[in-house]
Amino acid sequence: MEKRQPVQAAVIIYRKTPGDSLLVLGLLRTEEWGGFWQPVTGGVLWGETLEEAASREVREETGIPEPLRFFDMDYEYSFVLPDRYKVFYDDDVRILTEHAFGYETDIEDIVLSDEHTEYRWLTPPEAIEVYEYPEYNEALKRLIKHLDSGK
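Every number in our numbering is 19 more than the matching position in the sequence shown, counting from 1.
Structure (structure tokens):
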């Protein structure tokens, strides 16, 4: 198995409804990998940029081929590498840094990878309720701020 860089991409996938409401994607991890709700996340392979990893992870975990819009949210955070993920990294890696991106789609039906058992399109308050980690909620807040700013 190819080892990854000690950095990950977190991608908040969103779509707008016909009434222009915002929905964000929540994915339920398999029990084997923690059984929690999250956005798309994944490691960065050696030789891959953060942006390339983010796009690859979206394709792998959702089947969405291309974004309508893709942007860097200029937000990153670090956390202790959970034991169950150590197999993906060199033995000396203890801390991972995750960098957040926004990704717009108009695709409603997701094709899940074997990493997740369920998906839901959630309103931002619903996502804040179910996302497991506060960093995901902060990324979501930054996404909303970015979209509200008209950028």
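Where a beta carbon is used, it is the ideal one built from N, C-alpha and C, also for glycine.
Residue i, buried or exposed, once every other Cβ within 10 Å from all chains shown has been counted against 16
i          : result
residue 65 : exposed
residue 20 : exposed
residue 84 : exposed
residue 87 : exposed
Test item: CB-CB of residue i and residue j under 8 Å
i           : j           : result
residue 123 : residue 33  : yes
residue 58  : residue 30  : yes
residue 146 : residue 73  : no
residue 52  : residue 150 : no
Residue of the options minimising C-alpha distance to residue i
i           : options          : result
residue 143 : 84, 102, 157, 61 : 157
residue 92  : 70, 48, 115, 109 : 70
residue 76  : 46, 161, 164, 95 : 46
residue 36  : 129, 27, 53, 140 : 140
residue 127 : 159, 44, 25, 161 : 44
Residues that residue i bridges to, as DSSP identifies them
i           : result
residue 118 : 28, 95
residue 60  : 29
residue 48  : 135
Sequence-distant residues of its chain with Cβ nearer than 6 Å to residue i (five each side left out)
i           : result
residue 161 : 92, 94
Residues of its chain near residue i, where Cβ-Cβ distance is below 8 Å and the 5 sequence neighbours each way are ignored
i          : result
residue 23 : 62, 63, 64, 65, 107, 108
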